[in-house]
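Just below is one structure, and these are the notes that go with it.
There are 2 protein chains.
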Amino acid sequence: MSNLGSSPSGAQNDNMRSSIIEAAKELFAKFGYKKTTMEDIAIALRKGKSSLYYYFKNKEEIFQAVIESEEKHLFSKLNEIVNTKMEPREKFTQYVITRMETILELDNYIKALKDEMLTNYEFLSRLKTSTEKQEAALLTKILEEGTSSNTFQVKNIPMAAVAIATALKGMEGPLLSSYYSFEDFKVQIENTLNILFFGLIRR
Amino acid sequence: MSNLGSSPSGAQNDNMRSSIIEAAKELFAKFGYKKTTMEDIAIALRKGKSSLYYYFKNKEEIFQAVIESEEKHLFSKLNEIVNTKMEPREKFTQYVITRMETILELDNYIKALKDEMLTNYEFLSRLKTSTEKQEAALLTKILEEGTSSNTFQVKNIPMAAVAIATALKGMEGPLLSSYYSFEDFKVQIENTLNILFFGLIRR
DNA sequence: AATGGGTCGACTTTTTTGTTCGAAAATAGT
DNA sequence: ACTATTTTCGAACAAAAAAGTCGACCCATT
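Those protein sequence lines, which keep their order, are chains A and B. If you're matching positions, the first sequence starts at 8 in the numbering used here and goes up one per residue. If you're matching positions, the second sequence starts at 8 in the numbering used here and goes up one per residue.
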């Protein structure tokens, strides 16, 4: 297995790497990306600033690793739901609710987006398309199950999955800017789901 | 009335000044003094960064104004209690509880202290002596009431007031560093009060 | 004692930040 | 309409803080 990553690998190494990610995660959540310095992270770990560069090429790479870690957390939760035996409609609902709830927990996601408002867009939007693909895959599975059990009726499943993934992504904005409480938002989600369902469910 | 302050005064002026203080208060509470930039404050107000300097000489002066504003809040609450008809012992207890509760609410106070750990000490300690004097005055009133109603027995009231003020100040540390929850701390306060009472109350 | 992963301090380079200043807007006064 | 005053801001800059680099040091293991 060649190590395509930029940093070395070893016993202690991976441990330290995840420690850094953990520390950075908390700091990013507290202060946001911009306001967290390399030294903040180093101090939290009681290490020298330069040691961080042994594990990560630069600050942005740490940020990326944090986001990826949060992403993993989200998708592990979503996968769990997708792989549970459940009525398609129920599964779909659970999927969306869980998705939104978890994202709400992902402080970093939020803080990151907030920072982005003031600084750089490019890298985060790159990320978005990546997650949308993953989501589309999960949604595809749900939709397939639903159609084969004759609950759903979808012409082009992959397309529908992408469309829904995009829609869900779009719903993040209002959620994260917390115009609504999550409870209020739940109502809106259910409304949206209702609309989706009556478009999807065979009558 | 001559304006000894550094900034001009006018109708809109005071309004803007307090707007700045409000905005800065929130940002300081969120990020702490160091991590809040002049631009952050300006953006929050949708004003140009340089406009702030029309109202305040510099960042530290804004910070000072914020702290003063919080101080006002604290002392308005304390004054309220001191000017309420109440049994001296009860009043004293209420005073201390309210004092500690309010201080706990004063995020800026806390955040400021936390920043101080990493940067400058001098100005905040200057502030401390100022508030201690104010506190001593309030405590003096309580003690006087208590003695004239024959509930308390104090030799040198002003001295006792200063001593108690100092003691209360000292209790802030453990409270703010939140080694204890406030509920736990309340017990400690009551213990301390008990000790104080049995030293003060005539037997 | 030689290798190499891991650490750090000191240094350089790059960005950010606080602050100033003069000139434009806006506003009030005449 | 004209003038004075208050309020706003953009551009510029010095100082501070940040990111990032590098060679020297550990300290295990071999």
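Beta carbons are placed, not taken as given, at the ideal position from N, Cα and C, and that holds for glycine.
Next on the checklist: I'd like the list of long-range same chain contacts for residue 102(B), defined as Cβ closer than 8 Å, with 5 residues on each side in sequence excluded.
Outcome noted: 85, 88, 89, 145, 146 and 149
Do residue 151(B) and residue 164(B) have their C-beta atoms closer together than 8 Å? yes
Which residues, in chain order, does the stretch 40-56 of chain A contribute to contact with chain B at a C-beta distance below 8 Å?
Residues 42.
**Asked** Going along the chain, which residues of its own chain have a beta-carbon closer than 7 Å to the beta-carbon of residue 78(B), five neighbours each way excluded?
**Response** 138
- Item | Chain-ordered chain A contacts of residue 38(B) [CB-CB under 7 Å] | 38 and 42
Assumed close pair residue 31(B), residue 74(B) - CB separation to whole angstroms, cut-off 8 Å: With 8 Å as the limit, residue 31(B) and residue 74(B) do not qualify as a contact, their Cβ atoms being about 10 Å apart.
* **Cβ shell of residue 66(A) (< 7 Å), same chain only, five flanking positions each side left out** => 45
**Message:** Can you look up residue 159(A) in the DSSP assignment and give me helix, strand or coil?
**Reply:** strand
- request: Could you give the DSSP three-state label for residue 94(B): helix, strand or coil?
  value: coil
Could you check what DSSP says for residue 173(B) in three-state terms: helix, strand or coil?
helix
query = Going by the beta-carbon positions, is the gap between residue 143(A) and residue 161(A) smaller than 8 Å?
reply = no
Tell me which residue opens and which closes the alpha helix (DSSP H) that residue 58(A) is part of. Its alpha helix (DSSP H) spans residues 56-62.
Check: Beta-carbon separation of residue 113(A) and residue 81(A) under 8 Å?
Finding: yes
- prompt: Taking the alpha-carbon positions, what's the residue 106(A) to residue 42(A) distance?
  reply: 28 Å
Check: Would a C-beta distance cut-off of 8 Å place residue 158(A) and residue 95(A) closer than the cut-off?
Finding: yes
On the criterion of 16 or more Cβ atoms from any shown chain inside 10 Å, does residue 100(B) qualify as buried, or is it exposed? Answer is buried; the Cβ neighbour count reaches 16.
**Request:** Report the residue from 76(A), 153(A), 72(A) and 108(A) whose alpha carbon sits nearest the alpha carbon of residue 92(A).
**Result:** 153(A)
Cβ separation of residue 59(A) and residue 72(A), assumed to be a contact under 8 Å, to the nearest whole Å: That belief does not hold up - the Cβ atoms of residue 59(A) and residue 72(A) are roughly 11 Å apart, past 8 Å.
Exercise. Quick one: is residue 39(A) buried, meaning 16 or more other Cβ sit within 10 Å of its Cβ, or exposed?
Worked result: With 16 or more other Cβ atoms within 10 Å, it is buried.
- prompt: Taking 8 Å as the CB-CB limit, is residue 196(B) close to chain A?
  reply: no
In whole angstroms, what is the alpha-carbon distance linking residue 33(B) and residue 156(A)?
54 Å
Quiz prompt | Inter-residue Cα distance where the pair is residue 51(A) and residue 37(B) | solution = 19 Å
By the 10 Å Cβ neighbour count, where 16 or more other Cβ atoms means buried, how is residue 127(A) classified, buried or exposed?
Any reading at residue 127(A) must be qualified, since the residue scores a pLDDT of 47, below 50, and its modelled position is unreliable; no value is offered.
* Within its chain, find whatever has a CB closer than 7 Å to the CB of residue 56(A); leave out the 5 residues flanking it on each side and keep chain order. => 45, 46 and 49
Secondary structure at residue 106(A), three-state DSSP: helix, strand or coil?
helix
query = Where residue 76(B) and residue 166(A) are concerned, what is the direct C-alpha to C-alpha distance, given to the nearest angstrom?
reply = 57 Å
Q. Using DSSP with H/G/I as helix, E/B as strand and the rest coil, what is residue 153(B)?
A. helix
Please state the DSSP three-state secondary structure of residue 100(A). helix
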